[in-house]
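Its first residue numbered 38, the sequence shown is counted upward by one per residue in this note's numbering. Remarks on the structure that follows.
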Amino acid sequence: MKYNIGIDIGSTCAKTVVLDENKNILHRLLQPTGWSSVDTAEAIHTKLSELGVDWEQAAVVATGYGRISVPYADKSVTEITCHGRGACHIFGTQNLTVIDIGGQDTKLICVEDGMVKDFIMNDKCSAGTGRFLEIMANTLGVRPEDLCKLAATGGNTTISSMCTVFAESEVISLIGRGEKQENIAFAVVDSICQKVSTQAGRLDLKGSTVCLTGGLCEFEYLKARLEKSIGASVLACPDGRYAGAIGAALSAAALRK
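Here is the structure:
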């Protein structure tokens with residue numbers, strides 16, 4: 038059997054997908070990136086070996102922040118390309134706009150006929166990212182997924198700061214004033230969606246199929262709030278968090294042609 042392996046080493050999580058010759062998913066791996074991408078890459082190699090992957094029959098493409106730290110990769114490809122390709126495969130269309138809310142950045146990628154036409158990346162500040170949600174959840178003493186569930190029952194509260202540090206100070210002040218937890222959670226999710234909406238305003242989403250990828254793609258309330266913010270329906274599914282790795286695995290398969 039031939040194995041097509043995509044490894045997406047992101048800033049916070051590493052995702053790995055193994056496809057067979059028919060592009061069916063054989064394995065999915067998810068683990069914290071940790072402080073060393075090199076160690077993470079080695080751990081992935083060890084785990085796949087334990088799962089029976091024959092490296093003599095494997096093609097490997099690495100992507101993400103740590104893509105240069107995978108010594109056994111045949112090629113490295115940018116996350117923009119891999120996320121676009123992976124999302125097209127997941128959602129069965131060659132024309133879409135990808136909203137990828139990652140750990141440290143948020144990417145909006147326009148794909149036409151299976152090729153990236155345009156993209157916008159917010160990588161200067163963690164506001165509007167998964168890290169922002171994690172920090173705010175820690176401040177409220179809940180898990181990120183529980184924060185989103187709380188947010189669905191809240192409202193009438195806003196966070197005005199564009200910086201994560203100052204936004205955290207706002208949350209602490211709201212807690213000190215006795216604001217309800219669910220209202221603060223609402224403000225956190227709304228802040229993320231508004232920042233994504235601002236980015237989306239720089240692209241033409243009219244008539245475009247929009248999908249959500251990244252670690253927050255299974256948070257139903259965040260997706261619903263995002264739809265309201267950008268004024269468009271948003272597709273999401275559990276494999277969305279593996280979009281980059283799936284795109285990299287598809288790129289690995291293309292190396293055989």
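Where a beta carbon is used, it is the ideal one built from N, C-alpha and C, also for glycine. From a predicted model like this one, the values you see are computed outputs, not experimental measurements.
query                                                                                                                                                         : result
Just reading off the alpha helix (DSSP H) that residue 217 is part of, what are its end residues?                                                             : Looking at the DSSP string, residue 217 is not in any alpha helix (DSSP H), and its letter there is neither H nor E.
For the candidate residues 229, 181, 179, whose alpha-carbon lies nearest to that of residue 196?                                                             : 229
Let me confirm a value: residue 83 is counted as buried when at least 16 other C-beta atoms fall within 10 Å, else exposed. Which label applies?              : exposed
Within the chosen definition, does the segment 239-251 reach the segment 125-145 through at least 3 CB pairs nearer than 8 Å?                                 : yes
Of the choices 279, 176, 276, 237, whose alpha-carbon is the least far from that of residue 264?                                                              : 237
Return the CA-CA distance between residue 149 and residue 92, expressed in angstroms with no decimal places.                                                  : 34 Å
Helix, strand or coil for residue 109 per DSSP?                                                                                                               : coil
Taking residue 284 and residue 118 to be in contact with their CB atoms under 8 Å, please state how far apart those CB atoms are, rounded to whole angstroms. : 7 Å
Below 8 Å on the Cβ atoms is my contact criterion, and I expect residue 43 with residue 167 to pass it. Report the Cβ-Cβ distance as a whole number of Å.     : Their Cβ separation, rounded to whole angstroms, is 20 Å, which puts residue 43 and residue 167 out of contact at 8 Å.
Within the continuous beta strand (DSSP E) that includes residue 177, where are the two ends?                                                                 : It is not in any beta strand (DSSP E) - residue 177 instead sits in the alpha helix (DSSP H) that spans 167-177.
What is the rounded straight-line gap between the Cα of residue 57 and the Cα of residue 152?                                                                 : 23 Å
In three-state DSSP terms, what is residue 149?                                                                                                               : strand
So, helix, strand or coil for residue 196, using DSSP?                                                                                                        : coil
Return the Cβ separation of residue 52 and residue 282 in integer angstroms, given the expectation that the two are a contact with Cβ distance under 8 Å.     : 4 Å
Who are the Cβ neighbours of residue 292 in its own chain at under 8 Å, not counting the five residues just before and after it?                              : 96, 98, 111, 112
State the start and end residues of the unbroken alpha helix (DSSP H) segment that holds residue 137.                                                         : Residue 137 -> not in any alpha helix (DSSP H); beta strand (DSSP E) instead, spanning 133-138.
Quick check on this structure: which residue in 94, 231, 254, 158 has the alpha carbon closest to the alpha carbon of residue 124?                            : 254
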